[in-house]
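Last residue of the first sequence? That's 452 in the numbering used here, and every number before it is there in order. Every residue, glycine too, gets a C-beta built ideally from N, C-alpha and C. Computed from a predicted model, the values in this text were never measured in an experiment.
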Amino acid sequence: MPELPEVETTCAGIAAHLTGKRIQRVRVYQARLRWPVTAELAAKVEGQHIRQISRRGKYILLAVADGHILIHLGMSGSLRIVRAGEEREKHDHFDLCLDNGTCLRLRDPRRFGAVLWSEQTLSEHPLLKDLGPEPLERNFDGGYLHAKALGRKVSIKEFIMNSHVVVGVGNIYANEALFLAGINPTRQAGRVSGERYAQLVKTIKQVLRQAIKQGGTTLRDFVNSEGKPGYFKQKLKVYDRAGEPCLQCGTTIKLIRQGQRSSFYCPHCQK
DNA sequence: CTTTTGACCTGACAGC
DNA sequence: TGCTGTCAGGTCAAAA
Numbered sequence: 182m183p184e185l186p187e188v189e190t191t192c193a194g195i196a197a198h199l200t201g202k203r204i205q206r207v208r209v210y211q212a213r214l215r216w217p218v219t220a221e222l223a224a225k226v227e228g229q230h231i232r233q234i235s236r237r238g239k240y241i242l243l244a245v246a247d248g249h250i251l252i253h254l255g256m257s258g259s260l261r262i263v264r265a266g267e268e269r270e271k272h273d274h275f276d277l278c279l280d281n282g283t284c285l286r287l288r289d290p291r292r293f294g295a296v297l298w299s300e301q302t303l304s305e306h307p308l309l310k311d312l313g314p315e316p317l318e319r320n321f322d323g324g325y326l327h328a329k330a331l332g333r334k335v336s337i338k339e340f341i342m343n344s345h346v347v348v349g350v351g352n353i354y355a356n357e358a359l360f361l362a363g364i365n366p367t368r369q370a371g372r373v374s375g376e377r378y379a380q381l382v383k384t385i386k387q388v389l390r391q392a393i394k395q396g397g398t399t400l401r402d403f404v405n406s407e408g409k410p411g412y413f414k415q416k417l418k419v420y421d422r423a424g425e426p427c428l429q430c431g432t433t434i435k436l437i438r439q440g441q442r443s444s445f446y447c448p449h450c451q452k
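This is the structure we're talking about:
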C-alpha cells in the first residue's frame, strides 16, 4: 500500500496528536507482524513521553527519551488516532495508548508491516543505515542517480524502486515518474544518459509532491489518520491503466512484469 | 559485488 | 455455492 506520499500523509496526520504526549500503555493484539512485536518495546516505552515524530523512507519514527519506535506500514498498514474506548476491528493489531484518552492504532490485514524498538543511533540501525537519499531532498539529483547506475544491468524501474538507491519510490510512483520522463521501464539502468536521469529526478520529485498534496493514492484500502482516502488515483497516467489509451498519444498502455511487480507504460511515449 | 528468487500474509476477484 | 488461481501501495534474506 503505502509509498512515500501515503507515509508522509499519515505522519503529518498523527504528529500533532502524539508530540509531547505520554505513552500510558502499549497493547499488542497480534505480535506476528513482519517481525515479532516484542515485550521489550512495551517495557521500554510505557511511561515515556513522545518527543518527536519523523519519517525516514517509509519508516515512521517516534522518538522517546532513550530510543525510537519504528513503524512500517508494509503493503496494507494504516495508522489512526482513536478514542481509548473505540471498538477494535479485524486486523487492528497494535495500540499505543496515550495519557489523554486517545490511542494510535495500527491496522494491517496482510501483516507485512512492523513495529520495532530501537535503542541504537538511527543512522546505525540495520534497517536504516544503508538506505538511499530522500527523494525530495537536494542531494537526490541527476548526477547522483547517474553515478549510482554506472555498470548496473537491472532495469531502470527496479533500480529506482530499490531503497538502497533512493527511498520511498514504490510501484505506483515508479511507473508514473518513468512515464512523465518518457523512459521505458525495461531500459537497463546503466544505459540511461545523465540528461535523462536529470529529467527522471525531476519527475520523481514532481509526482511525489503532487501525490502528497492530494493526500496520497488510495487504490483499495489506504486511509489517512482520519480514516479518509487519498485522491491522487485520479491523476494516475499509466498505473492500473493496462489496455486503456495513453493520455498523451492514444497508444494502448502495456502491462508487463518486472521483478514480480506489474509495470505499466506507453510503448510509444516511453523509449 | 550484483541480480534473482522465495518468503511472509489476507482478501478480492475471475473463471470453472 | 464452492473451489482454484492470480493479483495487490513492500522489502528482507538467501541463493545464484
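Check your understanding: Could you give the distance in angstroms between the alpha-carbon of Leu297 and the alpha-carbon of His249?
Key -> 8 Å
Check your understanding: Tyr240: buried (16+ other C-beta within 10 angstroms of its C-beta) or exposed?
Key -> buried
Check your understanding: Alpha carbon to alpha carbon, what distance is there between Glu300 and Ile341?
Key -> Computed Cα separation, rounded: 30 Å.
Practice item. In angstroms with no decimal places, state the Cα-to-Cα distance between Gln387 and Ser406. Key: Each residue's alpha carbon lies about 24 Å from the other.
Point to revise | Runs of beta strand (DSSP E) wholly within the stretch 251-289 (minimum 3 residues, chain order) | key: 259-264, 273-279 and 283-288
Check your understanding: Is His327 helix, strand or coil when you go by DSSP?
Key -> In the structure shown, His327 sits in a helix (DSSP, three-state: H, G or I).
Practice item. Output the boundary residues of the alpha helix (DSSP H) element that contains Tyr354. Key: Asn352 to Ala362
Practice item. Rounded to whole angstroms, what's the CA-CA distance from Thr399 to Pro410? Just pull it up for me. Key: 6 Å
Review point. Quick one, which of Glu425, Pro217, Gln211 and Thr200 has its alpha-carbon nearest Ser235's?
Key: Thr200
Practice item. Write down every uninterrupted run of the beta strand (DSSP E) in the stretch 356-432 whose length is 3 residues or greater and which is fully enclosed by it, in chain order. Key: none
Check your understanding: Does DSSP put Ala212 in a helix, in a strand, or in coil?
Key -> coil
Review point. Can you tell me the Cα-Cα spacing of Lys271 and Pro183, whole angstroms?
Key: 20 Å
Practice item. Mark His253 as exposed unless 16 or more other C-beta atoms lie within 10 angstroms of its C-beta, in which case mark it buried. Key: buried
Review point. What do you get for Leu401, buried or exposed, if any count of 16 or more other CB atoms within 10 angstroms of its CB means buried?
Key: Before going further, note that residue 401 is Arg rather than Leu in the sequence given. Its Cβ having fewer than 16 others within 10 Å, Arg401 is exposed.
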